[in-house]
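Student: Numbering (our numbering), first residue to last: 380 to 625. For every residue, glycine included, the Cβ atom is placed at its ideal position computed from N, Cα and C. Have a look at this one.
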Amino acid sequence: MHYLSLIILLFLFSGCNEGSTNTRPYVTGSNAKQSTMPTNVQYGLHGTDRTDAARIKAESEKEIAQINMEKEILIQELKGATEVEKAVIGKEISLKQVEADKHKAIIKKDIVLTQDQTQLQIALNKLEIDKWIVLIVGLLILALIIFLFYNSHRNRKERLKIHEDKLKQELLIQEQQMRVQIAERLIDAMSSGNLSSEQENKLLGAYSTTPENNQLPYHIDEEEITEEIIVIDDTTKDETLTPLSK
(Lines of atoms letter the chains of each structure in order from A; the text may use other names.)
(Lines give C-alpha, C1' and ligand atoms only; values in the text may rest on other atoms or scores of the structure.)
Protein backbone atom coordinates (compact mmCIF):
# COMPACT_ATOMS: atom_id res chain seq x y z
CA MET A 380 0.00 0.00 0.00
CA HIS A 381 2.89 2.33 0.76
CA TYR A 382 4.44 1.81 -2.67
CA LEU A 383 1.06 2.15 -4.40
CA SER A 384 0.49 5.55 -2.81
CA LEU A 385 3.97 6.66 -3.77
CA ILE A 386 3.42 5.59 -7.40
CA ILE A 387 0.05 7.40 -7.55
CA LEU A 388 1.56 10.62 -6.15
CA LEU A 389 4.47 10.48 -8.57
CA PHE A 390 2.03 9.92 -11.46
CA LEU A 391 -0.06 12.91 -10.38
CA PHE A 392 3.01 15.11 -10.02
CA SER A 393 4.36 14.11 -13.39
CA GLY A 394 0.94 14.82 -14.93
CA CYS A 395 0.85 18.25 -13.33
CA ASN A 396 4.34 18.97 -14.57
CA GLU A 397 3.44 17.93 -18.12
CA GLY A 398 0.27 19.98 -18.04
CA SER A 399 2.16 23.04 -16.88
CA THR A 400 4.80 22.67 -19.59
CA ASN A 401 2.31 21.94 -22.37
CA THR A 402 -0.17 24.65 -21.53
CA ARG A 403 2.46 27.39 -21.03
CA PRO A 404 4.49 27.81 -24.21
CA TYR A 405 6.07 30.94 -22.82
CA VAL A 406 7.85 29.23 -19.86
CA THR A 407 11.62 29.49 -20.02
CA GLY A 408 13.66 26.46 -21.01
CA SER A 409 12.92 23.98 -23.77
CA ASN A 410 9.27 25.03 -24.00
CA ALA A 411 10.30 28.61 -24.81
CA LYS A 412 12.20 27.33 -27.83
CA GLN A 413 9.05 25.66 -29.23
CA SER A 414 7.53 29.02 -30.08
CA THR A 415 8.93 29.89 -33.50
CA MET A 416 6.47 32.71 -34.14
CA PRO A 417 7.84 36.27 -33.59
CA THR A 418 6.53 38.07 -30.56
CA ASN A 419 5.02 40.96 -32.51
CA VAL A 420 3.18 38.55 -34.86
CA GLN A 421 2.11 36.21 -32.06
CA TYR A 422 0.39 38.95 -30.10
CA GLY A 423 -0.46 41.35 -32.93
CA LEU A 424 1.06 44.32 -31.14
CA HIS A 425 2.70 47.47 -32.51
CA GLY A 426 5.09 50.16 -31.29
CA THR A 427 5.27 50.70 -27.55
CA ASP A 428 2.60 48.01 -26.99
CA ARG A 429 5.16 45.41 -28.09
CA THR A 430 7.52 46.60 -25.37
CA ASP A 431 4.79 46.41 -22.72
CA ALA A 432 3.76 42.93 -23.84
CA ALA A 433 7.38 41.76 -23.89
CA ARG A 434 7.94 43.15 -20.42
CA ILE A 435 4.80 41.46 -19.06
CA LYS A 436 5.77 38.22 -20.74
CA ALA A 437 9.33 38.30 -19.39
CA GLU A 438 8.20 39.01 -15.82
CA SER A 439 5.55 36.29 -15.96
CA GLU A 440 7.97 33.75 -17.44
CA LYS A 441 10.42 34.50 -14.66
CA GLU A 442 7.76 33.97 -11.99
CA ILE A 443 6.47 30.77 -13.60
CA ALA A 444 10.02 29.43 -13.97
CA GLN A 445 10.60 30.10 -10.27
CA ILE A 446 7.37 28.25 -9.42
CA ASN A 447 8.33 25.28 -11.61
CA MET A 448 11.78 25.16 -10.03
CA GLU A 449 10.26 25.12 -6.58
CA LYS A 450 7.88 22.40 -7.70
CA GLU A 451 10.77 20.28 -9.00
CA ILE A 452 12.56 20.71 -5.69
CA LEU A 453 9.43 19.53 -3.88
CA ILE A 454 9.19 16.51 -6.19
CA GLN A 455 12.79 15.58 -5.43
CA GLU A 456 12.10 15.93 -1.71
CA LEU A 457 8.99 13.79 -2.17
CA LYS A 458 11.03 10.79 -3.27
CA GLY A 459 12.71 10.41 0.12
CA ALA A 460 9.93 11.69 2.36
CA THR A 461 7.51 9.90 4.67
CA GLU A 462 3.77 9.63 4.09
CA VAL A 463 3.03 12.74 6.14
CA GLU A 464 5.75 14.68 4.40
CA LYS A 465 4.50 13.42 1.07
CA ALA A 466 1.03 14.72 1.85
CA VAL A 467 2.40 18.12 2.84
CA ILE A 468 4.63 18.27 -0.21
CA GLY A 469 1.74 17.21 -2.46
CA LYS A 470 -0.38 20.01 -1.03
CA GLU A 471 2.41 22.51 -1.65
CA ILE A 472 2.77 21.25 -5.20
CA SER A 473 -0.96 21.72 -5.76
CA LEU A 474 -0.73 25.25 -4.42
CA LYS A 475 2.21 25.97 -6.72
CA GLN A 476 0.20 24.64 -9.65
CA VAL A 477 -2.76 26.84 -8.75
CA GLU A 478 -0.44 29.84 -8.45
CA ALA A 479 1.08 29.07 -11.85
CA ASP A 480 -2.40 28.83 -13.39
CA LYS A 481 -3.30 32.19 -11.88
CA HIS A 482 -0.19 33.76 -13.38
CA LYS A 483 -1.09 32.22 -16.71
CA ALA A 484 -4.60 33.71 -16.55
CA ILE A 485 -3.16 37.12 -15.63
CA ILE A 486 -0.80 36.98 -18.60
CA LYS A 487 -3.63 36.15 -20.96
CA LYS A 488 -5.75 38.94 -19.52
CA ASP A 489 -2.94 41.50 -19.87
CA ILE A 490 -2.25 40.45 -23.44
CA VAL A 491 -5.94 40.66 -24.37
CA LEU A 492 -6.18 44.09 -22.74
CA THR A 493 -3.11 45.28 -24.61
CA GLN A 494 -4.52 43.96 -27.88
CA ASP A 495 -7.84 45.70 -27.23
CA GLN A 496 -6.07 48.99 -26.54
CA THR A 497 -4.03 48.57 -29.71
CA GLN A 498 -7.11 47.85 -31.80
CA LEU A 499 -8.86 50.86 -30.25
CA GLN A 500 -5.90 53.10 -31.09
CA ILE A 501 -5.84 51.77 -34.65
CA ALA A 502 -9.58 52.46 -34.99
CA LEU A 503 -9.13 56.00 -33.63
CA ASN A 504 -6.26 56.65 -36.04
CA LYS A 505 -8.34 55.38 -38.95
CA LEU A 506 -11.23 57.59 -37.88
CA GLU A 507 -8.91 60.61 -37.73
CA ILE A 508 -7.58 59.82 -41.21
CA ASP A 509 -11.13 59.48 -42.54
CA LYS A 510 -12.00 62.88 -41.06
CA TRP A 511 -9.06 64.51 -42.83
CA ILE A 512 -9.97 62.80 -46.10
CA VAL A 513 -13.57 64.04 -45.85
CA LEU A 514 -12.35 67.56 -44.98
CA ILE A 515 -9.92 67.67 -47.92
CA VAL A 516 -12.54 66.33 -50.35
CA GLY A 517 -15.07 68.88 -49.06
CA LEU A 518 -12.58 71.73 -49.54
CA LEU A 519 -11.81 70.55 -53.07
CA ILE A 520 -15.52 70.41 -53.92
CA LEU A 521 -16.05 73.88 -52.44
CA ALA A 522 -13.10 75.26 -54.42
CA LEU A 523 -14.49 73.68 -57.60
CA ILE A 524 -17.93 75.22 -56.99
CA ILE A 525 -16.38 78.66 -56.37
CA PHE A 526 -14.29 78.35 -59.54
CA LEU A 527 -17.29 77.34 -61.64
CA PHE A 528 -19.39 80.17 -60.22
CA TYR A 529 -16.64 82.73 -60.81
CA ASN A 530 -16.00 81.47 -64.34
CA SER A 531 -19.71 81.50 -65.16
CA HIS A 532 -20.11 85.02 -63.75
CA ARG A 533 -17.09 86.24 -65.71
CA ASN A 534 -18.36 84.67 -68.93
CA ARG A 535 -21.77 86.24 -68.35
CA LYS A 536 -20.21 89.68 -67.89
CA GLU A 537 -18.17 89.21 -71.04
CA ARG A 538 -21.26 88.17 -73.00
CA LEU A 539 -23.18 91.19 -71.68
CA LYS A 540 -20.31 93.50 -72.62
CA ILE A 541 -20.14 92.03 -76.12
CA HIS A 542 -23.91 92.43 -76.50
CA GLU A 543 -23.72 96.01 -75.24
CA ASP A 544 -20.90 96.84 -77.65
CA LYS A 545 -22.90 95.31 -80.46
CA LEU A 546 -25.96 97.41 -79.60
CA LYS A 547 -23.83 100.55 -79.43
CA GLN A 548 -22.34 99.74 -82.81
CA GLU A 549 -25.78 99.18 -84.31
CA LEU A 550 -27.03 102.44 -82.79
CA LEU A 551 -24.02 104.29 -84.20
CA ILE A 552 -24.66 102.84 -87.65
CA GLN A 553 -28.34 103.82 -87.46
CA GLU A 554 -27.42 107.35 -86.42
CA GLN A 555 -24.93 107.64 -89.26
CA GLN A 556 -27.55 106.42 -91.71
CA MET A 557 -30.03 108.91 -90.30
CA ARG A 558 -27.52 111.74 -90.71
CA VAL A 559 -26.91 110.71 -94.31
CA GLN A 560 -30.64 110.70 -95.02
CA ILE A 561 -31.10 114.12 -93.40
CA ALA A 562 -28.11 115.48 -95.31
CA GLU A 563 -29.57 114.17 -98.56
CA ARG A 564 -32.90 115.87 -97.84
CA LEU A 565 -31.16 119.12 -96.93
CA ILE A 566 -29.18 118.98 -100.14
CA ASP A 567 -32.32 118.31 -102.14
CA ALA A 568 -34.18 121.16 -100.42
CA MET A 569 -31.32 123.61 -100.87
CA SER A 570 -30.67 122.58 -104.47
CA SER A 571 -34.30 123.23 -105.39
CA GLY A 572 -33.69 126.98 -105.05
CA ASN A 573 -36.95 127.50 -103.22
CA LEU A 574 -35.35 128.29 -99.83
CA SER A 575 -34.36 131.70 -98.65
CA SER A 576 -31.01 132.36 -97.03
CA GLU A 577 -32.63 132.54 -93.61
CA GLN A 578 -34.31 129.16 -94.08
CA GLU A 579 -31.08 127.56 -95.32
CA ASN A 580 -29.16 128.92 -92.33
CA LYS A 581 -31.84 127.62 -89.99
CA LEU A 582 -31.67 124.13 -91.48
CA LEU A 583 -27.88 124.12 -91.49
CA GLY A 584 -27.83 125.29 -87.87
CA ALA A 585 -30.20 122.52 -86.81
CA TYR A 586 -28.12 119.93 -88.65
CA SER A 587 -24.76 121.14 -87.39
CA THR A 588 -25.82 121.13 -83.71
CA THR A 589 -24.21 117.75 -82.96
CA PRO A 590 -21.94 116.47 -80.21
CA GLU A 591 -18.17 116.40 -80.57
CA ASN A 592 -18.24 112.75 -81.59
CA ASN A 593 -20.13 113.71 -84.74
CA GLN A 594 -23.30 111.94 -83.65
CA LEU A 595 -26.79 113.34 -83.68
CA PRO A 596 -28.04 114.57 -80.31
CA TYR A 597 -30.91 112.59 -78.93
CA HIS A 598 -33.20 115.65 -78.82
CA ILE A 599 -32.92 116.13 -82.62
CA ASP A 600 -35.37 113.89 -84.41
CA GLU A 601 -35.26 113.08 -88.10
CA GLU A 602 -39.02 113.55 -88.40
CA GLU A 603 -38.83 117.06 -86.91
CA ILE A 604 -36.14 118.18 -89.38
CA THR A 605 -38.01 116.54 -92.26
CA GLU A 606 -41.24 118.21 -91.19
CA GLU A 607 -39.44 121.55 -90.99
CA ILE A 608 -38.09 121.07 -94.52
CA ILE A 609 -41.61 120.29 -95.76
CA VAL A 610 -43.03 123.37 -94.01
CA ILE A 611 -40.32 125.53 -95.55
CA ASP A 612 -41.08 124.06 -98.97
CA ASP A 613 -44.79 124.80 -98.56
CA THR A 614 -44.05 128.35 -97.44
CA THR A 615 -41.80 128.88 -100.42
CA LYS A 616 -44.45 127.62 -102.78
CA ASP A 617 -47.04 129.96 -101.26
CA GLU A 618 -44.70 132.92 -101.65
CA THR A 619 -44.07 131.94 -105.26
CA LEU A 620 -47.75 131.58 -106.08
CA THR A 621 -48.82 134.92 -104.51
CA PRO A 622 -47.21 137.25 -107.10
CA LEU A 623 -48.61 135.13 -109.92
CA SER A 624 -52.15 135.50 -108.63
CA LYS A 625 -51.83 139.23 -108.50
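Determine, using beta carbons only, whether Ala479 and Ile443 come nearer to each other than 8 Å.
Tutor: On the sequence shown, residue 479 is found 100 positions in, with the first residue counted as 1. On the sequence shown, residue 443 is found 64 positions in, with the first residue counted as 1. For Ala479 and Ile443, yes; Cβs fall inside 8 Å.
Student: Find out if the Cβ-Cβ distance for the pair Ile468, Glu456 is shorter than 8 Å.
Tutor: Walking along the sequence shown from the start, residue 468 turns up at place 89. Walking along the sequence shown from the start, residue 456 turns up at place 77. Remark: C-beta atoms of Ile468 and Glu456 approach each other more closely than 8 Å.
Student: Any chance you could list the beta strand (DSSP E) runs of at least 3 consecutive residues sitting entirely within the stretch 533–565, in chain order?
Tutor: none
Student: Taking three-plus beta-carbon pairs below 8 Å as touching, is the stretch 488–498 in contact with the stretch 428–442?
Tutor: Yes, they touch.
Student: Cβ of Lys436 within 8 Å of Cβ of Ile472?
Tutor: Numbered from its first residue, the sequence shown carries residue 436 at position 57. Numbered from its first residue, the sequence shown carries residue 472 at position 93. No; because the gap between Cβ atoms is not below 8 Å, this pair is not in contact.
Student: Assign Glu577 to one of two classes, buried (16 or more other C-beta atoms within 10 Å of its C-beta) or exposed (fewer than that).
Tutor: For the purposes of this step, residue 577 is identified with residue 198 of the sequence shown, where counting begins at 1. Classification for Glu577: exposed.
Student: Buried or exposed: where does Ala484 fall if 16 or more other Cβ atoms within 10 Å of its Cβ makes it buried?
Tutor: The sequence position of residue 484 within the sequence shown is 105, counting from 1. Per the 10 Å Cβ criterion, exposed.
Student: For Ser570, which three-state DSSP category applies?
Tutor: Taking the sequence shown and counting its residues from 1, the one referred to as residue 570 is at position 191. Reduced to three states, the DSSP call for Ser570 is helix.
Student: Answer with buried or exposed for Ser571, where buried requires no fewer than 16 other C-beta atoms within 10 angstroms of its C-beta.
Tutor: Taking the sequence shown and counting its residues from 1, one reaches residue 571 at position 192. When all chains shown are included, Ser571 counts as exposed.
Student: Return helix, strand or coil for Ser575, following the three-state DSSP convention.
Tutor: Position 196 of the sequence shown, counted from the first residue, corresponds to residue 575. Ser575 falls in the coil class under three-state DSSP.
Student: If distances are taken between C-alpha atoms only, which option among Leu582, Glu543, Leu546 and Ile515 comes closest to Ile561?
Tutor: The residue given as residue 561 occupies position 182 in the sequence shown. That would be Leu582, whose Cα lies nearest to the Cα of Ile561.
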